[in-house]
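Student:
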Amino acid sequence: MDGNKDRQIDSGNFQGGDDDGDLRRGPWTVEEDIALINYIANHGDGRWNLLARCAGLKRTGKSCRLRWLNYLRPDVRRGNITLEEQLLILDLHSRWGNRWSKIAQHLPGRTDNEIKNYWRTRVQKHAKQLKCDVNSKQFKDTMRYLWIPRLVERIQASAAATTAVDGNGSYGSVAPPLMNNGSDFVSTSQVTPSYASENSSSGGGSSDGTQGSSVSELTDCYNNFGCFSVGYGQDTAPPPPPPPPMQSSAVGFFNEGELDFQAMEQSSCEWLAEDGGVDTSENFWSTAGPGTDYFWLLQQHLN
DNA sequence: AAACCGTGCAACCGCTGGGCG
DNA sequence: TCGCCCAGCGGTTGCACGGTT
1222 MDGNKDRQID SGNFQGGDDD GDLRRGPWTV EEDIALINYI ANHGDGRWNL LARCAGLKRT
1282 GKSCRLRWLN YLRPDVRRGN ITLEEQLLIL DLHSRWGNRW SKIAQHLPGR TDNEIKNYWR
1342 TRVQKHAKQL KCDVNSKQFK DTMRYLWIPR LVERIQASAA ATTAVDGNGS YGSVAPPLMN
1402 NGSDFVSTSQ VTPSYASENS SSGGGSSDGT QGSSVSELTD CYNNFGCFSV GYGQDTAPPP
1462 PPPPPMQSSA VGFFNEGELD FQAMEQSSCE WLAEDGGVDT SENFWSTAGP GTDYFWLLQQ
1522 HLN
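First residue of the first sequence: 1222, per our numbering; consecutive thereafter.
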């Protein structure tokens, strides 16, 4: 998130440096970023190996592509994953498993790398706390019946608070919850992913075995709350099975099972507290991104 | 104040699949 | 059909940072 930290490294000294020919590795310098941005601005992207050479970058095409897509692209969004995005990620991962790029397609401005990192650092961490595997039924149940409903509640609450600011639902003194370099904007109360039909047929089994169980149930959960318009597309998934009764507390579900409800409840609270305890959107601008030192520096160079 | 540790994330690596000659 | 090149994907690594001891 903090792109500035990379600037503190003399990347020429980065381990693995220049031992294979002329190629540089490690963190990108401001000069390299500028060269890449300028080149793409003038010639467009694609043909990455050629691009790297023509732009005078001593980088592999891969490296250039990654840098552009994950960091320099103007529409890339940085900052905390919002509650809505968390919901989407949980849901989409339950459908598709570790298909990060596919998941990222439904989160405008987010990169597969970012989502992957989010999953590994947050979600897997909580699975570990529960001493269960992220692919286990236990963990999926925890998501479905605890975290998802809580996320939905929080989103609803913040949406309600937002509309209470003034009758029009516009933001008073509060900054809009989510912005992206001034381009696209996603309001707190609406996330409308357009699921394409690609998801539905398989019904199970990404190649890595992370596929979820009965698919769209997660989304059903928050559909029931009526705060999302999740479009499955007319031609897409078969009608989902009747959703389980929604409860803000999961007690009912776990009487019958052997799940460690207390641990889940606690973990759920911790998770939501750390990500959403403070409206993640409010400190969006405090993180790296447009307006931060590094982007300011880049802008100065480009102007 | 210093050492240590956990976390987050940028960047790299290896693999796969598609396009083309 | 085969081999090469390239783009893209998922997994992994390494490091800076912030918090804790």
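Each residue gets a CB set at the ideal place from its N, CA and C atoms; glycine is no exception.
Would you kindly report the start and end of the unbroken alpha helix (DSSP H) that includes H1264?
Tutor: V1251 to H1264
Student: In three-state terms, what does DSSP make of D1354?
Tutor: coil
Student: From L1244 to I1369, what does the alpha carbon distance come to, in whole angstroms?
Tutor: 46 angstroms
Student: Could you tell me whether the segment 1292-1300 touches the segment 1318-1331, using the rule of 3 or more Cβ pairs below 8 angstroms?
Tutor: yes
Student: On a CA-only basis, which of T1384, V1373 and A1378 is nearest E1305? Give me that one, please.
Tutor: V1373
Student: Taking the C-alpha atoms as reference points, what is the distance between R1280 and Q1377?
Tutor: 46 angstroms
Student: Could you check which residue in I1310, T1250, K1346 and G1300 has the C-alpha nearest to that of R1365?
Tutor: Taking only the C-alpha atoms, the option nearest R1365 is I1310.
Student: Alpha carbon to alpha carbon, what distance is there between E1335 and W1525?
Tutor: With the chain covering only 1222 through 1524, there is no way to say anything about residue 1525.
Student: Just to confirm, is the Cβ distance from L1313 to I1324 under 8 angstroms?
Tutor: Between L1313 and I1324, the gap from beta carbon to beta carbon is short of 8 angstroms.
Student: Which class does D1296 belong to by DSSP, given the choice of helix, strand or coil?
Tutor: Residue state, collapsed to three classes: coil.
Student: Measure the C-alpha to C-alpha separation of G1318 and D1266 and round it to an integer number of angstroms.
Tutor: 29 angstroms
Student: Sort C1353, V1344, G1282 and A1382 by Cα distance to L1308 and report the nearest one.
Tutor: V1344
Student: The alpha helix (DSSP H) with H1327 in it runs from where to where?
Tutor: Segment: none, H1327 is in no alpha helix (DSSP H) and carries neither H nor E.
Student: Taking all protein chains shown into account, do 16 or more other C-beta atoms lie within 10 angstroms of the C-beta of E1253, making it buried, or fewer, making it exposed?
Tutor: buried
Student: Kindly provide the ranges of any alpha helix (DSSP H) runs that are 4 or more residues long and lie completely inside the segment 1267-1296, ordered along the chain.
Tutor: Runs of the alpha helix (DSSP H) inside the segment 1267-1296: 1269-1275 and 1282-1288.
Student: Output the distance between the C-alpha atoms of L1278 and N1291, rounded to the nearest integer angstrom.
Tutor: 17 angstroms
Student: If I measure Cβ to Cβ from D1333 and keep anything under 6 angstroms in the same chain, skipping five residues before and after, which residues do I get?
Tutor: W1321, S1322 and A1325
Student: In this structure, does DSSP put T1303 in helix, strand or coil?
Tutor: coil
Student: Would you mind stating whether W1249 and R1288 have Cβ atoms separated by less than 8 angstroms?
Tutor: yes
Student: Is R1316 helix, strand or coil by DSSP?
Tutor: helix
Student: Going by C-alpha to C-alpha distance, which of H1264, G1300, N1263 and I1258 sits closest to C1285?
Tutor: I1258
Student: With burial defined as no fewer than 16 other Cβ atoms inside 10 Å of the residue's Cβ, what is the status of L1271: buried or exposed?
Tutor: exposed
Student: Going by DSSP in three states, A1458 sits in which element: helix, strand or coil?
Tutor: Residue placement at A1458 is flagged as unreliable, the pLDDT there being 38, under the threshold of 50; the coordinate-derived value follows with that caveat. Reduced to three states, the DSSP call for A1458 is coil.
Student: Applying the criterion that 16 or more other CB atoms from any shown protein chain within 10 Å of the CB defines a buried residue, is K1361 buried or exposed?
Tutor: The residue in question, K1361, is buried, as its Cβ has 16 or more Cβ neighbours within 10 Å.
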